[in-house]
Every structure is written in C-alpha cells, then in structure tokens.
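Asks: Residue numbers (this note's numbering): 2 to 418.
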C-alpha cells in the first residue's frame, strides 16, 4: 500500500496535463477572492497540511457566544472563496420530561453562551492558539488529524481539520461549541454537553433510577438551532435553495432523485425515508467549477432518530429546517428581539418572500434526548451532537487527489468490487 499514485512517466504526464487543464479552466471561471475584513485576535487564517486553507473572522456576543464571520475556504490549487457570511447557534432549548419549565439557554435571564463563557488556559488547547476577547482567552484554534481523507486498496491519504472551540456553563449544563473545518471543505458544527444532571426526581416515569434510594434522574431533550447565512463566493444576492428527495419504487429496489427549487421562504421537516436534504447553490450565471457546474454547499441530515416538536405553545419547534431571506434583526429562533419590527420567533420570519436569487439564511435544528444513567453522576459524561454541510461541485473532483480521473458512466470506480 502506498500514499502516492504510480510514479511512471505516463502518470507524471497525465498529472501535468490535468494540472494545466485545471489551471486554464480555473482562470476562465469567474470568482471573487475577498480578503477577510478583520485582523489581530479576530482573524483566523490557517493553511492545513496538504495545502487547504481556511480564513475567517469571529466575534463574541453575549447570547450566541462565538460567532463565525466571513468564512472562506481554499481547496489546494484553487482560489479562496467565501462560503458563509455568518454562522452561529440561534438557540438552545432544553425541555424536561417531568414538565418542568423549559430553558432557553441563549436568551433566558442570566443565560447566554457569551455571558457565561469560560476563560481558557493552555491545557484547554493543546498544540493550538488561544484567541482573546477583551483580554480573556475564549477561543481555541488548533489543527488536528481527522483520519482517512480517502482510502482505496492502493491509494490512501490522511486528512486534517481546523478546530475552533469555546466553552460555556449555564446552570447545570456545560457546553463545548466546536466548529470543525475540514481540508476537503466540509464544515461540521458540533456541541458537546456535560455538566451535572439538572433535575433529580422520584417518579420513574420521567427518567432513570440512579441508586437504591429511588433518586430518579429526569430525562431531558436538548435542541440546538443553528443559523447559517450563506454568501457563496462573497455574493449575497445570487443564491438558490434546492430540496433533494430520494423516493423508493414500489418494490423498493430502485430510488429516484428529485430536485426541487424552493422559491419562497419555507419550513421543512426531515424525512429519513425520502432522504430529504438541501443545498444552497450559486444561481445560473454565477460562479462555477472548472466543469461549468454551479458551486454549492449541501446540508444532509445524518442523525434524525431523536426529534422534538414541542408543546402546542412551541410552534417554533415543529420543523427541522427553515430558509428565510436575510434580515439583520432575525437572530434567534425564539425570544427574538422585536426591535425594528422583527418577529419574535422563526414562524414570523417566514412571510413568503422570494428566495430564488436572494441572500438566504438557513436555520437548522438537531436534537438529543438524554436518558440519565448512573454513570452521569457526579459529572454527566460528555455527549456530542452535530451535522455537516459539505461542498457539492465546489471543485470538479476530489480536491485532495492530485490526479483527476473521470470514470465512464456505469463503470465501477477503481478498486471497487
């Protein structure tokens, strides 16, 4: 097994020709490399082993905590391109199985990830760099190995990621907010939850017995709502959102892909049976890859076993995915400030505005129901939840492979059975 492609004269010539061709097509394709507007502690600009680069700004807000801004990715041998104008948590809702009052961890009194952020020490960020806000180290930035980037029988490559991490404690709950930025352009928002069990009760219907004294650890659901403001290639008014579904045939032997453009602001639910997912793309006439296809990022739900749709008074929790036209005052899924005529929750953000060729914002919810265990005392064992947004047609082929090979349709890929 080797980490390099065959080193023959023919292979070297193919690599060189592919590089010349890719360079010519990249020069012909329009793009707008926009440098980040920040500097100093607010700037993160890191080139990973292998040549991929991430550049972004960040700021600390009382409610959302660390907010990423002007997030740009550069694939090896490609231009630097903007992906996101802004990305942050837009609410954390904790609902308890015994009917106790839910917690809204960003907007409740004395809450807020930024209001309760930890000051980090070097031991919190091994091998990384601590970035400060007002003299306090609150953000860890470090490069970490991520395992295989790809692997076949002959060819294998280990990958890397850029990790950005902050930590907050709100009441009984401690949160590690992490953004993993991969060398292939994938973005993985993650939240780790620990702390202490928030409610100890006596009714076994609401949780799990922790010891012989009939102490019941009450179960609870945590919903993380994310706000993703896309600005593909630094243009903020040329995006289109498409919904993908994969529908099985009657005998379930075949699957058919359907792609539908969402033309107005809308709310959707996940559908494991239909494999429902969404992508944000640059509209026709915008930026393309070297094959002439519109660049895009794809949000594909992965962990959908736990869903929370809330009580009758929590209509803002009924769906999993929302898309709205950008409005600067729309920050939180619920408990949004009403200043500037803004609605108080996500349902009020959706008023049938056109989003096809607009500046779009994606709101996405993930859930986890925690049934306590004896092992959660005295400290709750850390649990991670997250999702991915991944490049689709951002490049014409895998940006981490130096030799471009396009197999014929219907032909098994090299190394496949």
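Every residue, glycine too, gets a C-beta built ideally from N, C-alpha and C.
Excluding the five sequence neighbours on either side, which residues of its own chain have a C-beta within less than 7 angstroms of the C-beta of residue 48, listed in chain order?
Replies: Here the set comprises 54.
Asks: If you count every other CB in all the chains shown that lies within 10 Å of the CB of residue 171, and 16 or more means buried, which is it?
Replies: When all chains shown are included, residue 171 counts as buried.
Asks: Note the first and the last residue of the continuous alpha helix (DSSP H) segment covering residue 333.
Replies: Careful: residue 333 lies outside any alpha helix (DSSP H) and carries neither H nor E.
Asks: By Cβ distance, which residues of its chain are closer than 7 angstroms to residue 309, with the 5 residues on each side in sequence left out?
Replies: These residues qualify, in order along the chain: 96, 222, 224, 318, 368.
Asks: Checking 9 angstroms against the spacing of the C-beta atoms, do residue 138 and residue 120 come in under that value?
Replies: Yes. Within cutoff.
Asks: Give the secondary structure of residue 364 by DSSP, where H, G and I count as helix, E and B as strand, and everything else as coil.
Replies: Strand at residue 364.
Asks: Taking a contact to mean a Cβ-Cβ separation below 9 angstroms, would you say residue 35 touches residue 60 in this structure?
Replies: Going by C-beta atoms, residue 35 is not nearer than 9 angstroms to residue 60.
Asks: Less than 9 angstroms between the beta carbons of residue 83 and residue 233, yes or no?
Replies: Cβ atoms of residue 83 and residue 233: closer than 9 angstroms.
Asks: With which residues is residue 317 paired in a DSSP beta bridge?
Replies: None, per the DSSP bridge assignment.
Asks: Within the continuous beta strand (DSSP E) that includes residue 222, where are the two ends?
Replies: Counting along the chain, the beta strand (DSSP E) containing residue 222 begins and ends at 221 to 231.
Asks: Can you tell me where the alpha helix (DSSP H) with residue 349 in it begins and where it stops?
Replies: Looking at the DSSP string, the run of the alpha helix (DSSP H) that includes residue 349 is 347 to 350.
Asks: To which residues of the same chain is residue 321 closer than 6 angstroms at the C-beta, ignoring the five residues directly before and after it?
Replies: If we look at residue 321 and ignore the five residues flanking it on each side, its Cβ neighbours are 270, 271, 366.
Asks: What's the gap between the Cα of residue 361 and the Cα of residue 240?
Replies: Spanning the two alpha carbons is a distance of roughly 7 angstroms.
Asks: Quick one: what's residue 130 bridged to in DSSP?
Replies: According to DSSP, residue 130 bridges with 142.
Asks: Looking only at DSSP bridge pairs, what is residue 93 linked to?
Replies: Beta-bridge pairing links residue 93 to 225.
Asks: On the DSSP bridge assignment, give the partners of residue 183 in chain order.
Replies: In the DSSP output, where bridge partners are listed per residue, residue 183 has 162.
Asks: Is the beta carbon of residue 238 sitting closer than 9 angstroms to the one on residue 358?
Replies: Yes; because the gap between Cβ atoms is below 9 angstroms, this pair is in contact.
Asks: Can you tell me whether residue 353 is buried or exposed? The criterion is at least 16 other CB atoms within 10 Å of its CB, across all chains shown.
Replies: Looking at its Cβ environment, which holds fewer than 16 other Cβ atoms inside 10 Å, residue 353 is exposed.
Asks: Please confirm if the stretch 255 to 269 is in contact with the stretch 134 to 150, defined as three or more CB-CB distances below 8 angstroms between the two stretches.
Replies: The stretch 255 to 269, when compared against the stretch 134 to 150, does not touch it at the 8 angstroms Cβ threshold.
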